[in-house]
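Visitor:
Residue numbers (my numbering): 583 to 904.
Here it is as structure tokens:
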């Protein structure tokens, strides 16, 4: 990992609202910002231990199911909003569109006086290109997903709602299309999900003739980028690809995990895969600067967090026997 620069964009003394903080992406953001700000997290909080952890860190929790609940009684004087919660749809296209777009609309309207609103979208909104294509923010959009069909439909519909409300409300907004996120919390992200399959002896589905490429980003870098993405918010909304600085193929990524752990990996050609894409990070770097984690160091750290003792020592770390 490279040395992390001091982040002068990190806010202090602000009142921040975060959704989705019990998952992978926003938890590190919430805990990081709570050190110098008043942070509120909205969610269902099915895990009492996690809610207790938040409260111990001074984070205020508010019960909210984005599929049903309005925001009656919630303060309106938030200065910054991060909306990372999502209803994936599980194949129900109508549900994915209605729940996600309405929830975003409720949040933006409720917090219309905020300094900045950040909506977490996805790389899945891009139309298919060549496997190694580096997507820019102006590339064609599409919603074809064999693995999770309703998910990109809901995300793209919500992007439309967010764009409209940013202008209608005059609310400075950033739409950040997240690539492959991974980290020590939640389900861990794609490397951890696939490693669990490896441990179970299950093959990883890959395209028959090539491999998907991605721009993985560690949740530490996500937390560091959020204040800068808020600072870039505008009306009309700023749109930016949110991924790491490096590009890696999924086969190459999981082969690296196999070498780190000694657990064999098998790949199974399939037409139904977790399709990911690679990013051109020019716009994002202009907003956030470089990432601190390389994917190799980041994956090692995350595997060690989720599976202590599983990662083998690197060659330079191994003791030499006489």
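A virtual CB, placed ideally from N, CA and C, is assigned to each residue, including glycine.
Would residue 826 pass as a contact of residue 869 if the rule is Cβ separation under 8 Å?
Guide: No, the Cβ-Cβ distance between residue 826 and residue 869 is not below 8 Å.
Visitor: For residue 718, count the other beta carbons within 10 Å of its own beta carbon; 16 or more makes it buried, fewer makes it exposed. Which is it?
Guide: Label assigned to residue 718: exposed.
Visitor: Count the other C-beta atoms from every protein chain shown that fall within 10 angstroms of the C-beta of residue 723, then say buried if there are 16 or more, exposed otherwise.
Guide: Residue 723 should be labelled exposed.
Visitor: Assuming contact is defined by CB atoms lying nearer than 8 Å, are residue 707 and residue 759 in contact in what I supplied?
Guide: Yes; because the gap between Cβ atoms is below 8 Å, this pair is in contact.
Visitor: Just tell me which of 744, 617, 731 and 781 has its CA closest to the CA of residue 698.
Guide: For the residues 744, 617, 731 and 781, the minimum Cα distance to residue 698 belongs to 744.
Visitor: Tell me which same chain residues have a C-beta within less than 7 Å of the C-beta of residue 655, skipping the five on either side of it?
Guide: Excluding positions up to five away in sequence, the list is empty.
Visitor: Considering only C-alpha positions, which residue in the set 646, 604, 726 and 702 is nearest to residue 711?
Guide: The shortest C-alpha separation from residue 711 is found at 726.
Visitor: Look at the alpha carbon of residue 788 and the alpha carbon of residue 851, and state the distance between them as a whole number of angstroms.
Guide: Approximately 5 Å, taken between the alpha carbons.
Visitor: Assuming residue 591 and residue 813 make a contact with CB atoms under 8 Å, what is their CB distance in whole Å?
Guide: Correct: roughly 6 Å between the Cβ atoms.
Visitor: Pull up the DSSP beta-bridge partners for residue 761, would you.
Guide: Its beta-bridge partners do not exist; DSSP assigns none.
Visitor: Check whether the Cβ of residue 834 lies closer than 8 Å to any Cβ atom in chain D.
Guide: Note that chain D does not occur in the displayed structure, where there is just one protein chain.
Visitor: Does the region 730-748 come into contact with the region 779-798, if we say contact requires no fewer than three beta-carbon pairs (one atom in each stretch) closer than 8 Å?
Guide: Cβ pair count under 8 Å is below three, so no.
Visitor: With residue 701 as the anchor, note down where its beta strand (DSSP E) starts and where it stops.
Guide: Here the beta strand (DSSP E) through residue 701 covers 698-704.
Visitor: Could you tell me the distance, in whole angstroms, from the CA atom of residue 842 to the CA atom of residue 659?
Guide: If you take the alpha carbons of residue 842 and residue 659, they lie about 47 Å apart.
Visitor: Can you tell which of 768, 747, 859 and 629 has its C-alpha closest to the C-alpha of residue 816?
Guide: When only C-alpha atoms are compared, the closest one is 747.
Visitor: Grab me the residues of residue 741's own chain with a C-beta within less than 6 Å of its C-beta, minus the 5 sequence neighbours each way, in chain order.
Guide: Result list for residue 741: 703 and 757, in chain order.
Visitor: Say whether the region 668-687 touches the region 609-616, bearing in mind that this needs 3 or more beta-carbon pairs closer than 8 Å, one atom from each stretch.
Guide: No, because fewer than three Cβ pairs between the region 668-687 and the region 609-616 fall closer than 8 Å, the two stretches do not touch.
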